[in-house]
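Novice:
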Amino acid sequence: MKNLIASIFAVVVLSATFLFAQDSAVVAPVATPAEPAVVEQAAPAEVSAEDELKREIAVRDSVMAVRDSSYSVERDSLKKALEVEQAKSANWEKSYNTAKQNNEVCAQALSVSIGVNEKKKEKENMDRQQAAMMTSTSFMGGLGLGMLLFWLIFD
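To convert, take the position in the sequence shown, counting from 1, and add 115; that gives the numbering used here.
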């Protein structure tokens, strides 16, 4: 991009140098004795001033055209860069929303799994307590029955 602008600028400078070099090579015609010298000198001066003005305008227009083209190229490249960044932003936003949704699903699955594990542990604890209660109740019932039999037999 910069090389393109630099090469265009170099072409403009070389063409302007060539135009101004031609301007200095223009030789005023020699006055003849029949015509006044002042008129001869005034006419080439007017023509050369007019030509010089036209050349300056042409150089200015070419420089402005180069600037306009470089600005349009830069504007187009910035538009493309902006479009690329907008596309990246849309992709990143979509990826973020997908990751956020996946995170929510995982969090729900984890909470369900933790809830199931806690219920399972509570059930195991209750089963242990019931088994311990049954064992102690059975033991106490056996002792009570043994004492009753002992009392009936030895009484």
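Ideal Cβ placement from N, Cα and C applies to all residues, glycine included.
CA-CA distance, E155 and E165?
Specialist: Its pLDDT being 47, under 50, E155 is placed unreliably by the model, and the measurement read from it follows with that caveat. Each residue's alpha carbon lies about 16 Å from the other.
Novice: Could you tell me the distance, in whole angstroms, from the CA atom of S253 to the CA atom of R243?
Specialist: Cα-Cα distance, rounded: 15 Å.
Novice: So, are the CB atoms of F124 and V174 less than 8 Å apart?
Specialist: No, the Cβ-Cβ distance between F124 and V174 is not below 8 Å.
Novice: Let me know the secondary structure DSSP gives F254 once reduced to three states.
Specialist: F254 falls in the helix class under three-state DSSP.
Novice: Give the DSSP-derived three-state secondary structure of E155 in the structure shown.
Specialist: Note that E155 has pLDDT 47, beneath the 50 cutoff, so the model's placement of it is unreliable and no number is given.
Novice: When the Cα atoms are used, what is the spatial distance from G257 to E239?
Specialist: Looking at the two C-alpha atoms, the distance is approximately 26 Å.
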